[in-house]
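Participant:
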Amino acid sequence: MNQQLNQKLAELRTYLAQYPELSIAVSGGVDSMLLMYIAAAQNNRAVYAIHAFSAAVPSQAHSLVKEYAKQFNWQLKCIDVAELEDQNYRKNPANRCYFCKSNLYKGIAAASNGIIASGTNTDDLSDYRPGLVAAKENNVVHPYVACDISKSDIYALAALLGLEKLKDLPAQPCLASRVETGIEITRADLQFIDKVETMLRPYFIGNGKNSTLRCRVTHAGVYVEADSLPQGDTLKAILTSVQNACTEAGHIFSGVRQYKKGSAFII
0 MNQQLNQKLA ELRTYLAQYP ELSIAVSGGV DSMLLMYIAA AQNNRAVYAI
50 HAFSAAVPSQ AHSLVKEYAK QFNWQLKCID VAELEDQNYR KNPANRCYFC
100 KSNLYKGIAA ASNGIIASGT NTDDLSDYRP GLVAAKENNV VHPYVACDIS
150 KSDIYALAAL LGLEKLKDLP AQPCLASRVE TGIEITRADL QFIDKVETML
200 RPYFIGNGKN STLRCRVTHA GVYVEADSLP QGDTLKAILT SVQNACTEAG
250 HIFSGVRQYK KGSAFII
């Protein structure tokens with residue numbers, strides 16, 4: 000296994016080395032963070048971490064980007080691509096990600112030079128990803144795809160390289176992905192989602208791994224989803240905390256349920 004991983008790592012390094020100047024879209028998730036770590040470790044060219052900081056970015060992700068940038072001396076640029084000013088994005092259609100990524104890549108191009116790279120991996124190609132259309136339109140490259148690297152490979156590479164905070168990091172898509180298709184994206188809802196997830200995260204940490212946690216805003220009310228559901232007093236504490244947060248924000252709390260990937264997405 001390590002031999003295959005080392006071979007993929009070598010191929011990735013060779014692929015990245017072809018670009019004398021590279022701007023990597025760093026979201027704070029394991030994919031883009033690992034890509035930036037590997038690229039920045041090759042000191043023969045200019046590599047920039049471009050982080051779009053907005054209400055749609057989980058506060059935990061933003062903090063991790065800043066932490067790693069300081070620890071590994073990354074050249075970090077934080078930009079605001081103002082996606083909430085785009086009415087097509089705010090309407091939250093099924094292809095919302097297209098408008099999000101269009102704003103992102105145009106913002107990165109305006110703030111930097113060289114080729115733009117994303118953390119898209121081979122697993123992403125099997126999903127409905129309208130953001131990939133925006134990437135193609137903006138000439139974004141996908142190093143993981145070029146080197147046949149999957150999500151499981153990324154976690155394995157993070158472990159191989161001793162990146163403790165990345166090797167068990169759950170997926171951290173933008174907060175807008177928690178809002179059910181057709182419900183308008185608002186700054187208030189994004190801040191509410193981040194507040195609830197930040198408040199609940201300590202309940203879902205155990206065995207060295209962070210459980211996947213989502214606060215969903217749906218047409219039927221707010222749901223909390225997790226891949227491991229607490230019981231007893233812990234569940235009661237969660238229910239009380241979320242009910243209070245929903246009451247304060249003017250939302251209906253509809254309960255806790257098992258995590259399902261993409262459950263807020265409706266075609």
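Counted from 1, the sequence shown has number 126 at position 127 by numbering that gives the first Met the number 0; the numbering is strictly sequential. Glycine included, each C-beta is placed from N, C-alpha and C at the ideal position. Bear in mind the structure is a predicted one, so any value in this text is a computation, not a measurement.
Can you tell me whether Asn120 is buried or exposed, with buried defined as 16 or more other CB within 10 angstroms of its CB?
Facilitator: Translated into positions along the sequence shown, residue 120 becomes position 121. Buried: at least 16 other Cβ atoms inside 10 Å.
Participant: Which residue marks the beginning of the alpha helix (DSSP H) containing Glu10, and which one marks its end?
Facilitator: Here residue 10 is taken as the residue at index 11 of the sequence shown, counted from 1. Unbroken alpha helix (DSSP H) run through Glu10: 1 to 16.
Participant: Taking only three categories from DSSP, how would you classify Gln289?
Facilitator: The structure shown does not extend to residue 289, since the chain is modelled only from 0 to 266, so the question has no answer here.
Participant: Restricting to runs no shorter than 3 residues, where is the beta strand (DSSP E) found entirely within the stretch 63 to 147?
Facilitator: Within the stretch 63 to 147, the complete beta strand (DSSP E) runs of at least 3 residues are 74 to 78, 114 to 116.
Participant: Expressed to the nearest angstrom, what Euclidean distance is found between the alpha-carbon atoms of Ala116 and Ser26?
Facilitator: Counting from one through the sequence shown, the residue named residue 116 turns up at place 117. Counting from one through the sequence shown, the residue named residue 26 turns up at place 27. The straight-line gap from Cα to Cα measures roughly 12 Å.
Participant: Which residues does DSSP pair with Phe252 in a beta bridge?
Facilitator: Position 253 of the sequence shown, counting from 1, holds the residue named residue 252. Beta-bridge pairing links Phe252 to Val221.
Participant: So, at 7 Å on beta carbons, what are the nonlocal neighbours of Phe252 in its own chain, with the 5 sequence-adjacent residues on each side left out?
Facilitator: What you label residue 252 is simply residue 253 of the sequence shown in a count that begins at 1. These residues qualify, in order along the chain: Gly220, Val221, Val241, Gln242, Cys245.
Participant: Please classify Gly254: is it buried, with 16 or more other beta-carbons within 10 angstroms of its beta-carbon, or exposed?
Facilitator: Against the sequence shown, residue 254 aligns to sequence position 255. Classification of Gly254: exposed, given that the 10 Å Cβ count is below 16.
Participant: DSSP three-state call for Val46: helix, strand or coil?
Facilitator: In the sequence shown, the residue the question calls residue 46 occupies position 47. In this structure, Val46 counts as strand in the three-state DSSP scheme.
Participant: Taking buried to mean at least 16 other C-beta atoms within 10 Å of its own C-beta, is Arg186 buried or exposed?
Facilitator: On the sequence shown, residue 186 is found 187 positions in, with the first residue counted as 1. Exposed.
Participant: Give the straight-line distance between the Cα atoms of Leu4 and Leu124, rounded to the nearest whole angstrom.
Facilitator: On the sequence shown, residue 4 is found 5 positions in, with the first residue counted as 1. On the sequence shown, residue 124 is found 125 positions in, with the first residue counted as 1. Going by the C-alpha atoms only, they are around 21 Å apart.
Participant: I'd like the list of long-range same chain contacts for Ala133, defined as Cβ closer than 7 Å, with 5 residues on each side in sequence excluded.
Facilitator: For this step, residue 133 is matched to residue 134 along the sequence shown. Result list for Ala133: Tyr97, Lys100, Ser101, Tyr104, in chain order.
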